[in-house]
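Participant:
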Ligand code: ADP
């Protein structure tokens, strides 16, 4: 190194320095980009990197040699530098080739992808256009649908209550943005309350569609009844944003409903008037019937010629029929009007059968047919609570029909009892006949009122067509049914089912209803009735048993009689002019209870004082004699202070029995 001129040395050091810097930088750069080199270049890259290291190593060795004075053959050095340079240049050029090829391939790929994407874009554009077209058509369709609706349709914003969408039928003449209450109620305040329920608020309560009735104003400002159907519209978070209202004018329907209600009320009024009329007519007919039947009985008990007896028996038979008819009409109208109440008495089924059998046996014998009854079930002897007279009425009708519509053969009655529960008895009575039978098509009809299968046959046999209708209603009131099975020409079977509670009361009380023959010592009796025939009848009946009878034609007259002399019993009609039987009873009882507050101008205090003096402080037995035969009427009599009740038409033994019972009670009251 001593022989090297100083300028060469400076250049040498400079070149070595620059070379080292370049090598260090290249090494670092090579390490940095290594991971980014595409995999297909990686081998080339490694070769170039190796070459770089080789250059570095050769360079280093060369400098060491220079410093150690070891002489490296110059030719070899130059050759190896050239070789390394050639390999390096080859590597760089090959790398550049591959890069350019790759770039070219990428460009081709990119172009293909762009073409593909462009095609896809065109396709989706055309799809978009089709959907836009469809959407447009759908919009037009919906608009047409909305416009074609004959009733108003709105979409309303729930917060501002502004109408957002509406159709022509809505009659929206204001600017968009008008609220629903402004449009349909001409009001600046939202609807509220039960009379004008707000659809939005109602939907808010449940989140479900609602149906409301409202009073709206139409575009001309007229009041109309509307039915509003409200449907909720929610956003994607489930929040109620809008509602749909579909409004239908129901003014005509409302008016029709009102007319219907009015018509129903009128029909009910007419029905009530009919029932009242029937009740009054039957009462009015019952009163003279009482006299006819009673007088006929009295006349039949006297000495008569054969012809006279025949005439009177015919009168009695016809009167009985007439009375039955009146009772049927009255019963039916009462049951239909819902005014009918079953009585509660203690009875056994065997008693009922026993009491109806003699008359029925007689009718069957007259027609030459046999009547057999099987009520041997031990439960038929069980004491039950119910309306025995109504059970009797149903059985009379069914057995009577069996005999009526059977010309030869038999009628058989069979009663079977069941115990559905410990306290209940269900009785099933079947009445089977070998008569004319009923066509199947009439099975339901015969239970309707005034229905007869064959009017000419029925006319032959008599009847009104009310019996089965009443029996069915009674059976239903008793928790049971009636049904029929029949074959034309062979006969019919009617099955009557009814239910009763068992009578758990003591044996003594259940015998209350039993009637024994009563003989009363002669009594002083006052008979009060506005119909003289009825007064005469009672007088004649009682005089037969040596009772002395005074008469009064009104309540007021009765009070006058009571002020004149003392009586043992008063028999009093209820329906009388001026002072009826209930009012008169009230006066008499007010005296016994020292209650002067019930006085009025009709009856002077002096008269009442006289009565009090005359009758003393004893309890005067008062018995109602009335044609008003419902349990309701009976209740009214007892509430007014009467001691007993005899319904017209009555028999003598009924009056005697009731008088004896009332006298007994009066004695108990005094004690
Ligand atoms: P009525 O006997 O007074 O006509 P019902 O209501 O008792 O009225 O009977 C209605 C009709 O049913 C009778 O007219 C008759 O046509 C028919 N019917 C009832 N019971 C029998 C029976 N046992 N056999 C044949 N037909 C009957």
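Numbering (this note's numbering), first residue to last: 4 to 674.
Note that the Cβ used here is the ideal one computed from N, Cα and C, for glycine as well.
Go through its chain and collect everything with a Cβ distance to residue 302's Cβ below 6 Å, but skip five positions before and after it.
Facilitator: As a first step, residue 302 is located in the chain shown; it is residue number 299 there, counting from the start. Taken in chain order, the residues that qualify are 315.
Participant: Is residue 18 buried or exposed, if buried means 16 or more other CB atoms sit within 10 Å of its CB?
Facilitator: The count along the chain shown starts at 1 and reaches residue 18 at position 15. The residue in question, residue 18, is exposed, as its Cβ has fewer than 16 Cβ neighbours within 10 Å.
Participant: Under the three-state reduction of DSSP, which class applies to residue 405: helix, strand or coil?
Facilitator: Position 402 of the chain shown, counted from the start, is the residue given in the question as residue 405. DSSP places residue 405 in the helix class (H, G or I) of the three-state scheme.
Participant: Return helix, strand or coil for residue 527, following the three-state DSSP convention.
Facilitator: Stepping through the chain shown from its first residue, residue 527 is reached at position 524. Residue 527: strand per DSSP, three-state reduction.
Participant: Cutting at 8 Å between CB atoms, please list the residues of its own chain near residue 482, excluding the five before and the five after it.
Facilitator: Residue mapping note: residue 482 aligns to position 479 of the chain shown, counting from 1. Once the five neighbours on either side are set aside, the close Cβ partners of residue 482 are 501 and 502.
Participant: Check the DSSP bridge columns for residue 502 and list the partner residues they point to.
Facilitator: Position 499 of the chain shown, counted from the start, is the residue given in the question as residue 502. DSSP, once it has assigned bridges, lists 429 as partnering residue 502.
Participant: Provide the residue(s) that pair with residue 227 in DSSP beta bridges, ordered along the chain.
Facilitator: Reading the chain shown from its first residue, position 224 is the one you call residue 227. For residue 227, which the question treats as bridged, DSSP gives the partners 219.
Participant: Nearest to residue 416 by alpha carbon, out of 94, 422, 565 and 496?
Facilitator: Counting from one through the chain shown, the residue named residue 416 turns up at place 413. It is 496 whose Cα lies nearest to the Cα of residue 416.
Participant: Any idea if residue 335 is buried or exposed, counting beta-carbon neighbours within 10 angstroms, 16 or more meaning buried?
Facilitator: As a first step, residue 335 is located in the chain shown; it is residue number 332 there, counting from the start. Classification of residue 335: buried, given that the 10 Å Cβ count is 16 or more.
Participant: Return the CA-CA distance between residue 409 and residue 645, expressed in angstroms with no decimal places.
Facilitator: Position 406 of the chain shown holds residue 409. Position 642 of the chain shown holds residue 645. Distance between the alpha carbons of residue 409 and residue 645: 47 Å.
Participant: I need the DSSP call for residue 55, collapsed to helix, strand or coil.
Facilitator: To locate residue 55, count along the chain shown from 1; it is residue 52. Correct three-state label for residue 55: helix.
Participant: Is any heavy atom in the ligand ADP found nearer than 8 Å to the beta carbon of residue 409?
Facilitator: Against the chain shown, residue 409 aligns to sequence position 406. Within the cutoff, so yes.
Participant: Can you say whether residue 195 is buried or exposed, counting buried as having 16 or more other CB atoms within 10 angstroms of its CB?
Facilitator: The count along the chain shown starts at 1 and reaches residue 195 at position 192. Classification for residue 195: exposed.
Participant: So, at 7 Å on beta carbons, what are the nonlocal neighbours of residue 654 in its own chain, with the 5 sequence-adjacent residues on each side left out?
Facilitator: Translated into positions along the chain shown, residue 654 becomes position 651. Counting only Cβ-Cβ distances below 7 Å, and skipping sequence neighbours, we find nothing.
Participant: Within 10 Å of its beta-carbon, does residue 180 have 16 or more other beta-carbons around it, so buried, or fewer, so exposed?
Facilitator: Position 177 of the chain shown holds residue 180. Classification for residue 180: exposed.
Participant: Evaluate residue 423 with the Cβ neighbour count: other Cβ atoms within 10 Å of its Cβ, from every protein chain shown; 16 or more gives buried, anything less gives exposed.
Facilitator: Translated into the one-based positions of the chain shown, residue 423 becomes position 420. Exposed, by the Cβ-count rule.
Participant: For a test of your reading of the model: does the CB of residue 659 fall under 8 Å from any non-hydrogen atom of the ligand ADP? Yes or no.
Facilitator: Here the question's residue 659 lines up with position 656 in the chain shown. Proximity of the beta carbon of residue 659 to the ligand ADP is not indicated: no heavy atom of the ligand is located closer than 8 Å.
Participant: What does the alpha-carbon distance come out to for the pair residue 119 and residue 29?
Facilitator: On the chain shown, position 116 is the one that residue 119 refers to. On the chain shown, position 26 is the one that residue 29 refers to. Between residue 119 and residue 29, the C-alpha separation is close to 42 Å.
Participant: Is the beta carbon of residue 456 within less than 8 Å of some heavy atom of the ligand ADP?
Facilitator: For this step, residue 456 is matched to residue 453 along the chain shown. Yes, the beta carbon of residue 456 sits closer than 8 Å to at least one heavy atom of the ligand ADP.
Participant: Using CA coordinates, which residue listed in 661, 525 and 173 is at the minimum distance from residue 647?
Facilitator: Within the chain shown, the letter at position 644 stands for residue 647. Nearest of 661, 525 and 173 to residue 647, Cα basis: 661.
Participant: So is the beta-carbon of residue 675 under 8 Å away from any non-hydrogen atom of the ligand ADP?
Facilitator: As displayed, the chain neither begins before 4 nor continues past 674, which places residue 675 out of reach and without an answer.
Participant: Between residue 231 and residue 245, is the Cβ-Cβ spacing less than 9 Å?
Facilitator: By 1-based counting over the chain shown, the position of residue 231 is 228. By 1-based counting over the chain shown, the position of residue 245 is 242. No.
Participant: Under a three-way DSSP split, which group does residue 323 fall into?
Facilitator: One-based indexing of the chain shown puts residue 323 at position 320. Reduced to three states, the DSSP call for residue 323 is helix.
Participant: With DSSP as the reference, identify every bridge partner of residue 159, one or two as the case may be.
Facilitator: As a first step, residue 159 is located in the chain shown; it is residue number 156 there, counting from the start. Residue 159 pairs with 166 and 246.
Participant: With 16 other CB atoms within 10 Å as the buried threshold, where does residue 217 fall?
Facilitator: Here the question's residue 217 lines up with position 214 in the chain shown. By the 10 Å Cβ count, residue 217 comes out buried.
Participant: I need the DSSP call for residue 335, collapsed to helix, strand or coil.
Facilitator: Counting from 1 along the chain shown, the entry for residue 335 is found at position 332. Correct three-state label for residue 335: helix.
Participant: For the alpha helix (DSSP H) holding residue 82, just list the boundary residues, first then last.
Facilitator: Here residue 82 corresponds to residue number 79 of the chain shown, with the count starting at 1. Segment 77-151, the alpha helix (DSSP H) holding residue 82.
Participant: Would you identify the three-state DSSP class for residue 545, choosing helix, strand or coil?
Facilitator: Here residue 545 corresponds to residue number 542 of the chain shown, with the count starting at 1. Helix at residue 545.
Participant: Could you check the C-alpha separation between residue 34 and residue 55 for me, to the nearest Å?
Facilitator: Reading the chain shown from its first residue, position 31 is the one you call residue 34. Reading the chain shown from its first residue, position 52 is the one you call residue 55. Cα-Cα distance, rounded: 12 Å.
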